[in-house]
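Using our numbering, you'd call the opening residue of the sequence shown number 24 and step up by one each time.
Built from N, CA and C at the ideal position, the CB exists for glycine as well.
Please read all numbers here as calculations on a predicted model, not as lab measurements.
Everything below concerns the one structure shown next.
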Amino acid sequence: MVSFFYGIERHLNELNSIYFTQKTLNYNSLTLHLENNSQILNHISMKTRVLLTALLVCLTQVFFAQSSKESVAQSWMDNNMPINKTNQSFTMNNSHAGPSGETFRYQHTVNGVEVFDSSVAVHVSNKNQVTYHASTFDSAVETIDTNPSISQDDALNAAKTALNIEGYISQKEIGLYVYNKLGNSKLVYRVTTMSEFRMGNWETIVDAKTGTVLSTQDIAIYHKKNGEGNPKGIKNPNAPTTMATGTAMVFDPDPLTKTGSMYDGNYVDNNDQTNAQLDAARTAVTLFDIDFDGTNYRLRGPYTEIAELGSPSTGLFLQPSPDFDFTRDEQGFEAANCYHHIDKSFRYINDVLGIPLVSIYNGGVIRYDPHGANGADNSFYSAGSLQFGEGGVDDAEDMDVVLHELGHGLHDFITNGNLSQVNGLSEGTGDYWANSYKRSTGFWDSSDTQYFWVFGWDGHNPFWGGRVTNYGAMYPGGLSGQIHTDGQIWASVLLEIWEIVGREKMDAAVWEGLGMTNSNTNQQNAAIAVRQAAIDMGYSCAEIDTFTDRFEARGYTLPVYICNPNACDISEIETSNISPCNDNGTPGDGSDDFFTADVTVTFINAPTTGTLDLTGDGTASTAVAGLVSPHTFVGVQMPSDGGPINVTATFSAEGTCNLNVLNAGTAPAPCITAGVNDNEALLGVSIYPNPADATIALSNLKENYNVAIYNMLGQKVKEQHVDASNSSINISNLSLGVYILKFEDYNKVLRFVVK
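Below is the structure:
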C-alpha cells in the first residue's frame, strides 16, 4: 500500500486543447491536435473530506511503481511495440486507475523529447489482462537533433506577432516537441495562447532551430458549429482560505424543462430580462466547499473555480455573504449556475460512480468564465478552461451548455489530454453527458419531443436549432463530415443503451471506456472500448449483450464476445469492521503500525478444487470445498498508512478467475504518538510565500525538524533539516505543481504550490 498524505491537494499541470459547445459561426475549419505533456505524469483524483482536526487526502489515482498491472502493460509493450531506431523509445508517463482497471500511457520520445501526438495507451483489467489498446505511434519519425536554437520566449514572441495578439494573454503553454505533421521530422515549439480579444485557443508551431512560424490554427472546440501566467482576475492569495457552504438559486436543469413549457410567452430570453415565471423556475441549491477568506466568499472549490478568462470582463462576484441568490437578469446568476452544475457533476463521477477524475490542469480544478467568448452566441472548452458566451440566451444559463462543455473537459482529463474529435466523438460525448443528466431529472418523458433535445433553453428557438439524441443516421454511412452533426450518432446510441442498463452503469462505462482511448479514436473503436469497460467492470451477460446489440444495430463492427454465465467470476471485494490503528508496541515508530479488517469476496461459479487466496495489503486463504458466496475473511491484518486498501482475490485452481481492487476501503492513519507539547509547537507553522517559484520558508518554527517534500504521485523529491535560524528551502528545481511538506514523525503536513 502506498503511503498517503494529510491535507487537501489538487493536481497541477497544464496541457493544450480547446473544445467548443458548437453553435453555428462562420469560422475557419478547425483541426484538432492534442499533445501529451511529459511534465504531466498522472491524473490524480481527490475526494476531499473536511475534519475539524485534520484534512485527509485520498489520492485515489496513485502511480504504483512496477505494480502488477504496470508489469503486464510493459510486457505487452515490449512484445507489440518495439522501436528499432536510435535514441527513440517509449516512456510510461501516465496511468489512470478506475473501476474497470488501469490504463497506462506510453509516450514516444526522441532523445528524451516528446514526439507530438505519438503514443500508445494500454488498458489492463482488474484480472491483470490487457483488454484494450490504442495507438497514435508514428513510425515514420526520424531521429533528429533535439537541441533548440531559440528560446521559449523567442517562440512566444513569434506566436504573438503571427497572431497579432492584443490585450492580455489569459493562458499560454509552450512545449518542445519533435513534430512530424508537415512532411518531415522537425524540432518545434508548440505555443498555445488564449487572449482577451482573440476568441479561441490558438496553436502556433514555431521551428525551434530557425524561429520560423510553420503553422497557426484555432484548436478550440465550440458548442455550435463555429464560424504561463495566471489569467487576469485569477489570484493565488497567500492569505489562507477555508471551505464553506453556500447557497444559490439556479436553473436545474432549465426553466422550460422544469415547468414543462415551450419557448414562448413568458418563457423567452427577452434580452436577458426576468419575470415572475422565470424567477419561479429557479431551484434552491447548496454550493459545497466554496472559498472563504475571512471577508469574502468566492466561487472556488475542490473541482472548479470562477475566473476572468476572456472579454467581456464582469468580475469574480466576491461577496461577504455565502448566499448567491440572483435572478437571471443579474450577472451573478450565471456564475452560481455554472459552479453548481460543474461541481455537482464532478462529485457524481467521483463519489457515486467511483471514478477518480479531476482536471489535469490548474491544480486539479477546471476554471470557468460565465461571461466570456467575446460575448458571442457560443461557448468553448480548452486546456482546463470554460468560456460561456452571452449571445441569444446566455449560454451559462443552460445546464445543457454547461455540461456539454464540461463533457469535453472530462474527455480531455480521462485521456490525459488525448481527446478525439474523429467522427465528432467528443461532441457526441458532450451531448450525451448533458442529456444523461437531464433525462435523470424526470421532468420530460420519452413520449415528449423535448426528452431528446440538447440545448433545450439555449437552442430549439429562434436563436438556433439545437441538437437531438434520437438522431437516426447509421454509422458509418450516415457520417456527414461535420463533427457536431456526426456526434449525434454517438450520443443517440449511447442513450439507447442508457435506457436499458440505467444511468449509473452507462455513465461509468462511457467514462471508463473513453479513458482507454486516444486522440485518433473513432466512434467504432470508442464503442469497442465502452463495451470492454462494461465487461471489465463485471456487468451481467444480459447487459453486455445490450451494448453489443445496440452498437451493432447502429452499424458499428465489434469483436465477437461470448459472455458465459457459467464462468467463474469474482465480482466484488469489500472491507468491513476496520479496527483502529495498533502501534505494535512502538508508539514512536509508524512503520510497523497495523490494523485488522474483515474482507468479503463475492463470486459465482467457483472451481471445485483448490483455494480462494487473498493477497496484497493483507493475506489469507481458504479451501473452496463447501465455500459459499460471499465469503468473509475475518480479521485480516494490514499496514496502517492512511491509504486505500489494495487487495486481490484469486482462485488457485483457475488463475484467470481473479479480481484486484485498488481501493477496497481506507486504512487507518499511522498511530505515531507525538507529545502534546510537540503538537502545539507545530500549530502556528506555515509556508510562505505560497505559491512560490524559487524558495519557500517556514514561519514560527520553535524546534528542529526534519521535513520531506512529496509530489502528488507520492514520490519524495526533497529532504531537509529546518529550524528557526534555517527555515528556507530551495524549490527552484521542482516542476510546476502542488506539493506536500511533511514533518518527520509528526502528523503535521503543509501544502504549497510551485508556480
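Own chain residues within Cβ distance below 6 Å of residue i, not counting five before or after
{"i": "Thr-452", "result": "Gly-430, His-434"}
{"i": "Thr-638", "result": "Thr-671"}
{"i": "Tyr-155", "result": "His-146, Met-539, Ala-552, Gln-555"}
{"i": "Glu-767", "result": "Asn-729"}
{"i": "Trp-99", "result": "Val-145, Val-153"}
{"i": "Ile-192", "result": "Thr-216, Ser-218"}
{"i": "Thr-297", "result": "Thr-350, Arg-351, Asp-352"}
{"i": "Leu-560", "result": "Note on identity: in this sequence residue 560 is Met, with Leu being the wrong assignment. The residues are Pro-122, Ser-123."}
{"i": "Ile-257", "result": "Low confidence applies here, because Ile-257 scores a pLDDT of 36, under 50, leaving its location unreliable; read the following figure in that light. So the list reads Ala-330, once near-sequence residues are dropped."}
{"i": "Thr-632", "result": "Ala-676"}
{"i": "Thr-114", "result": "Gln-130, Thr-132"}
Per DSSP, cross-strand counterpart(s) of residue i
{"i": "Gly-637", "result": "Before going on, a small fix: residue 637 reads as Leu here, not Gly. Leu-637 pairs with Ala-643, Ala-672."}
{"i": "Ala-271", "result": "Val-308, Phe-347"}
{"i": "Pro-667", "result": "Thr-689"}
{"i": "Asp-746", "result": "Asn-749"}
{"i": "Ile-389", "result": "Thr-327"}
{"i": "Arg-490", "result": "Val-477"}
{"i": "Glu-137", "result": "Thr-132"}
{"i": "Phe-369", "result": "In the DSSP output, where bridge partners are listed per residue, Phe-369 has none listed."}
{"i": "Arg-462", "result": "Per DSSP, none; premise fails for Arg-462."}
{"i": "Phe-113", "result": "His-131"}
{"i": "Glu-767", "result": "Its beta-bridge partners do not exist; DSSP assigns none."}
Proximity winner among the options, relative to residue i (alpha-carbon distances)
{"i": "Thr-265", "options": "Gln-240, Thr-216, Phe-315", "result": "Phe-315"}
{"i": "Val-657", "options": "Thr-642, Ser-663, Asn-669, Gly-665", "result": "Thr-642"}
{"i": "Gln-11", "options": "Tyr-455, Ile-558, Phe-160", "result": "Residue 11 is absent from the model: the chain starts at 24 and stops at 778."}
{"i": "His-654", "options": "Met-661, Gln-660, Ala-646", "result": "Ala-646"}
{"i": "Gly-317", "options": "Gln-342, Gly-377, Gly-333", "result": "Gln-342"}
{"i": "Ser-755", "options": "Asp-716, Ile-512, Tyr-769, His-744", "result": "Asp-716"}
{"i": "Glu-801", "options": "Ile-365, Ser-336, Ala-648", "result": "The structure shown does not extend to residue 801, since the chain is modelled only from 24 to 778, so the question has no answer here."}
{"i": "Lys-778", "options": "Gln-743, Pro-712, Tyr-733, Leu-724", "result": "Pro-712"}
{"i": "Ser-748", "options": "Glu-726, Leu-757, Leu-759", "result": "Glu-726"}
{"i": "Val-624", "options": "Ala-687, Asp-615, Ile-197", "result": "Ala-687"}
{"i": "Asn-207", "options": "Gln-194, Asp-230, Val-164", "result": "Val-164"}
{"i": "Asn-117", "options": "Asn-107, Gly-198, Val-143", "result": "Val-143"}
{"i": "Asp-302", "options": "Asn-102, Pro-278, Val-308", "result": "Pro-278"}
{"i": "Asn-589", "options": "Phe-617, Ala-629, Ser-599", "result": "Ala-629"}
{"i": "Ile-695", "options": "Ala-620, Asp-616, Gly-395", "result": "Asp-616"}
{"i": "Glu-189", "options": "Ile-752, Asn-541, Arg-221, Ile-558", "result": "Arg-221"}
{"i": "Gly-678", "options": "Phe-475, Cys-591, Ile-596", "result": "Cys-591"}
Distance between beta carbons of residue j and residue i, contact taken as under 8 Å
{"i": "Thr-280", "j": "Gly-482", "result": "That pair is no contact at about 13 Å."}
{"i": "Tyr-362", "j": "Leu-310", "result": "6 Å"}
{"i": "Leu-322", "j": "Ala-359", "result": "7 Å"}
{"i": "Ala-304", "j": "Thr-282", "result": "5 Å"}
{"i": "Ile-389", "j": "Ser-382", "result": "4 Å"}
{"i": "Gly-333", "j": "Asp-392", "result": "6 Å"}
{"i": "Ile-627", "j": "Phe-570", "result": "That pair is no contact at about 20 Å."}
{"i": "Ala-399", "j": "Leu-426", "result": "At roughly 20 Å, the Cβ-Cβ gap does not stay under 8 Å, so Ala-399 and Leu-426 are not in contact."}
{"i": "Cys-604", "j": "Pro-693", "result": "7 Å"}
{"i": "Leu-682", "j": "Asn-149", "result": "5 Å"}
{"i": "Val-445", "j": "Thr-544", "result": "6 Å"}
Chain-order list of residues whose beta-carbon lies under 7 Å from that of residue i (same chain, five-residue window excluded)
{"i": "Gly-234", "result": "Ile-173, Asp-177, Ala-181"}
{"i": "Ile-710", "result": "Ile-719, Leu-721, Leu-764, Leu-773, Phe-775"}
{"i": "Asn-702", "result": "With a pLDDT of only 47 at Asn-702, under 50, the local geometry of the prediction cannot be trusted, and the value read off the model is given with reservation. The answer is none, since no qualifying residue turns up."}
{"i": "Val-516", "result": "Arg-573, Phe-574, Arg-577"}
{"i": "Asn-700", "result": "At Asn-700 the pLDDT is 43, less than 50, meaning the model places this residue with poor confidence and gives no usable figure here."}
{"i": "Gly-355", "result": "Phe-340, Phe-347, Phe-349"}
{"i": "Ala-262", "result": "Residue confidence is low: Ala-262 scores 46 on pLDDT, short of 50, so the model does not pin down where it sits. No coordinate-derived value is stated."}
{"i": "Leu-581", "result": "Ala-550, Ile-551, Arg-554, Thr-571, Phe-574, Glu-575"}
{"i": "Asp-230", "result": "Lys-209, Val-211, Leu-237"}
8 Å CB neighbourhood of residue i in its chain, flanking five on each side removed
{"i": "Pro-345", "result": "Ala-267, Thr-268, Gly-269, Thr-270, Leu-310, Ile-313, Phe-315, Tyr-320"}
{"i": "Phe-274", "result": "Lys-281, Ala-304, Arg-305, Thr-306, Arg-351, Asn-360, Glu-420, Asp-421, Met-422, Trp-480"}
{"i": "Asp-287", "result": "none"}
{"i": "Gln-89", "result": "Residue placement at Gln-89 is poorly supported in this model, since its pLDDT is 38, which falls under 50; the coordinates are not used for a value here."}
Residue i: CB within 6 Å of a non-hydrogen atom of the ligand NAP
{"i": "Phe-369", "result": "The ligand NAP is not part of the structure shown, which contains no ligands of any sort."}
Worksheet item: Which runs of the beta strand (DSSP E) spanning at least 3 residues fall entirely within the stretch 578-653, listed in chain order?
Response: 592-599, 617-627, 634-639, 643-646
Worksheet entry | Every unbroken alpha helix (DSSP H) within the stretch 504-533, with a cutoff of 4 residues, ordered by chain | Segments of the alpha helix (DSSP H) lying fully in the stretch 504-533: 506-524.
Item to complete: Would you list, in sequence order, the uninterrupted beta strand (DSSP E) runs of no fewer than 3 residues that lie entirely inside the stretch 273-298?
Response: Listed in chain order, nothing qualifies, since the stretch 273-298 has no complete beta strand (DSSP E) run of 3 or more residues.
Discussion item. At 3 residues or longer, what runs of the beta strand (DSSP E) sit wholly inside the stretch 141-187?
Written reply: 153-158
Discussion item. Extract the residue ranges of the beta strand (DSSP E) inside the stretch 393-445, only unbroken runs of 3 or more that lie entirely within it.
Written reply: 402-405, 408-411
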